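Structure first, commentary second.
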Amino acid sequence: MPIADEIIQPTSSVPAAEPQLQQNGTTDLPELPPRPQIVEPSRKNTNGVVSGPVPHILDAATGLTPTLQKFRLDGKVAVVTGGARGLGFNMASALCECGVKGIAILDILQEHGDDAIALLHQKYGVAAAFYKIDVRDEEAVRDVIASVQIHLGSVDIMLCSAGIADSNIKAEEYPLDKFRRLIDINLTGSFICAQAAARAMIDKGTGGSIIFIASMSGHIVNYPQQQACYNASKAAVIQLMKSLAAEWAQYGIRCNSISPGYMDTALNRVPALEAQKTIWKSRTPQERLGNVDELNNTAVFLASEASSFMTGSDLLIDGGYCCW
0 MPIADEIIQP TSSVPAAEPQ LQQNGTTDLP ELPPRPQIVE PSRKNTNGVV SGPVPHILDA
60 ATGLTPTLQK FRLDGKVAVV TGGARGLGFN MASALCECGV KGIAILDILQ EHGDDAIALL
120 HQKYGVAAAF YKIDVRDEEA VRDVIASVQI HLGSVDIMLC SAGIADSNIK AEEYPLDKFR
180 RLIDINLTGS FICAQAAARA MIDKGTGGSI IFIASMSGHI VNYPQQQACY NASKAAVIQL
240 MKSLAAEWAQ YGIRCNSISP GYMDTALNRV PALEAQKTIW KSRTPQERLG NVDELNNTAV
300 FLASEASSFM TGSDLLIDGG YCCW
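Number 231 in numbering that gives the first Met the number 0 belongs to position 232 of the sequence shown; there are no gaps in the numbering.
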């Protein structure tokens with residue numbers, strides 16, 4: 000885009016009114032604002048537009064500007080529960096892409112977990128460890144966090160992504176054992192993992208970031224499926240996050256959550272859900288499901304210093320679903 004040498008005032012096809020002469024001999028024309036200064040760019044591309052960041056503000060090690068540098072996670076160690084596949088694995092990949100030195104995947108799926116850490120190590124060169132674990136097992140979680148500290152060096156980021164969903168169960172017919180199991184995994188499991196990570200962060204004294212994966216179901220009642228227990232569990236996760244954010248801010252620990260809308264995960268790509276997916280899309284302003292990588296940037300933002308003054312917040316990533 001060419002750079003203008005001068006600014007030409009717009010003209011009008013309507014004849015201008017004759018200026019009125021005042022008693023003191025002056026006209027009533029308004030005073031024009033001063034002409035703005037036009038600064039020529041020091042570096043131009045073929046179209047004359049400034050291209051690339053100014054060299055003197057780039058970080059010497061990464062080649063990034065100060066703003067982009069804050070999204071880096073160099074030297075950090077992340078723990079991701081439910082990270083063997085799906086949304087959890089995608090977010091784990093994003094953390095690795097942004098420079099974590101080590102990552103631990105906690106999941107009950109042994110084969111998927113082994114494949115996940117092999118791929119993360121091969122693709123990003125990070126130290127990666129898999130732990131087969133049930134997030135409801137307090138002692139096992141505590142032992143895993145201790146192991147991560149010993150073998151990877153620290154726990155700086157905890158991303159609580161493990162969870163389950165029971166849908167299309169009428170509340171009056173909901174089996175109590177299934178209700179308790181879902182609450183225990185989604186809510187109690189999230190607390191157990193967050194608590195273990197926070198203890199490690201407090202002991203080290205350098206703070207950290209704890210990210211919960213909640214849901215838009217913690218804000219609204221989904222339609223048309225009946226899922227009272229899941230909705231209640233995710234609402235509780237959001238309130239748990241806020242409570243922990245208030246308590247642990249004194250230790251430099253930030254707690255935030257991500258509330259996804261309907262995402263195009265493998266679990267949603269089944270014929271039995273096609274009719275419901277049509278309804279879900281019709282009730283979403285963007286008229287689609289989210290891609291499996293569309294939580295990644297939010298996870299990196301919350302894990303990094305880019306969100307350093309942010310704690311106790313829940314971010315809706317739902318294509319606008321909750322607007323209606």
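By construction, the Cβ of each residue, glycine as well, lies at the ideal position given by its N, Cα and C atoms. Source: prediction; values computed, not measured.
What are the uninterrupted segments assigned as beta strand (DSSP E) that are 3 or more residues long and contained completely in the stretch 91 to 137, given in chain order? 101 to 106 and 126 to 131
Do G74 and R135 come within 9 Å of each other at the CB atom, strictly closer than that value? The count along the sequence shown starts at 1 and reaches residue 135 at position 136. The count along the sequence shown starts at 1 and reaches residue 74 at position 75. Taking 9 Å as the Cβ cut-off, R135 and G74 do not qualify as a contacting pair.
Within the continuous alpha helix (DSSP H) that includes C192, where are the two ends? Within the sequence shown, numbered from 1, the residue matching residue 192 stands at position 193. Here the alpha helix (DSSP H) through C192 covers G188 to K203.
For A103 versus F70, is the C-beta spacing smaller than 9 Å? As a first step, residue 103 must be located in the sequence shown, where it is residue number 104. As a first step, residue 70 must be located in the sequence shown, where it is residue number 71. Result no, Cβ atoms of A103 and F70 do not sit closer than 9 Å.
Where in the stretch 204 to 261 do unbroken runs of the alpha helix (DSSP H), each at least 4 residues long, occur, reported from the N-terminal end onward? 227 to 247
Between E96 and G206, what straight-line distance do the alpha-carbon atoms span, to the nearest angstrom? Sequence index remark: in the sequence shown, residue 96 carries index 97 (1-based). Sequence index remark: in the sequence shown, residue 206 carries index 207 (1-based). Roughly 22 Å between the two C-alpha positions.
For the beta strand (DSSP E) containing A298, name the first residue and the last one. Along the sequence shown, one-based indexing puts residue 298 at 299. Counting along the chain, A298 falls outside any beta strand (DSSP E), though it belongs to the alpha helix (DSSP H) covering N295 to A302.
Can you pull the DSSP bridge partners for D313? Residue numbering aside, residue 313 sits at position 314 when the sequence shown is read from its first letter. Its beta-bridge partners are S256.
Same chain, Cβ closer than 8 Å to I56, five either side skipped, listed in chain order: Taking the sequence shown and counting its residues from 1, the one referred to as residue 56 is at position 57. Excluding positions up to five away in sequence, the list reads T64 and P65.
Length of the line joining the Cα atoms of R282 and G311: Stepping through the sequence shown from its first residue, residue 282 is reached at position 283. Stepping through the sequence shown from its first residue, residue 311 is reached at position 312. Approximately 28 Å, taken between the alpha carbons.
Kindly indicate the opening and closing residues of the beta strand (DSSP E) around T66. Taking the first residue of the sequence shown as position 1, residue 66 is located at position 67. Unbroken run through T66 is the alpha helix (DSSP H), P65 to Q68; no beta strand (DSSP E).
Look up V154 in the DSSP assignment and say whether it is helix, strand or coil. Mapped onto the sequence shown, residue 154 falls at position 155. Coil at V154, not helix or strand.
For the stretch 142 to 161 and the stretch 114 to 130, state whether three or more C-beta atom pairs, one from each stretch, are separated by less than 8 Å. yes
Which residues bound the alpha helix (DSSP H) around A274? As a working mapping, residue 274 is identified with position 275 in the sequence shown. Taken as a continuous stretch (DSSP letters only), the alpha helix (DSSP H) holding A274 covers E273 to S281.
Please list, in chain order, all residues of the same chain as M90 whose beta carbon is under 7 Å from its beta carbon, the five residues on each side excluded. Taking the sequence shown and counting its residues from 1, one reaches residue 90 at position 91. Here the set comprises V79, L158, S160, L294, N295 and A298.
According to DSSP, residues forming a beta bridge with C159: The residue labelled residue 159 in the question sits at position 160 within the sequence shown. In the DSSP output, where bridge partners are listed per residue, C159 has T80 and F211.
Separation of F300 from G98, as counted between CA atoms: Counted from its first residue, the sequence shown places residue 98 at position 99. Counted from its first residue, the sequence shown places residue 300 at position 301. Rounded to whole angstroms, G98 to F300 spans 13 Å at the Cα level.
Taking a contact to mean a Cβ-Cβ separation below 9 Å, would you say A126 touches G101 in this structure? The count along the sequence shown starts at 1 and reaches residue 126 at position 127. The count along the sequence shown starts at 1 and reaches residue 101 at position 102. Yes, the pair counts as a contact, with Cβ atoms nearer than the cut-off.
Decide yes or no for the touch test of the stretch 109 to 116 against the stretch 189 to 205: beta carbon pairs closer than 8 Å, at least 3 of them. no
So, with DSSP's three-state summary, where would you put G359? The chain is shown only over 0 to 323; residue 359 falls outside these bounds and no answer can be derived.
For R141, the nearest candidate out of A197, D165, A170 and Q121 (CA to CA): For the purposes of this step, residue 141 is identified with residue 142 of the sequence shown, where counting begins at 1. Out of A197, D165, A170 and Q121, A197 has the C-alpha closest to the C-alpha of R141.
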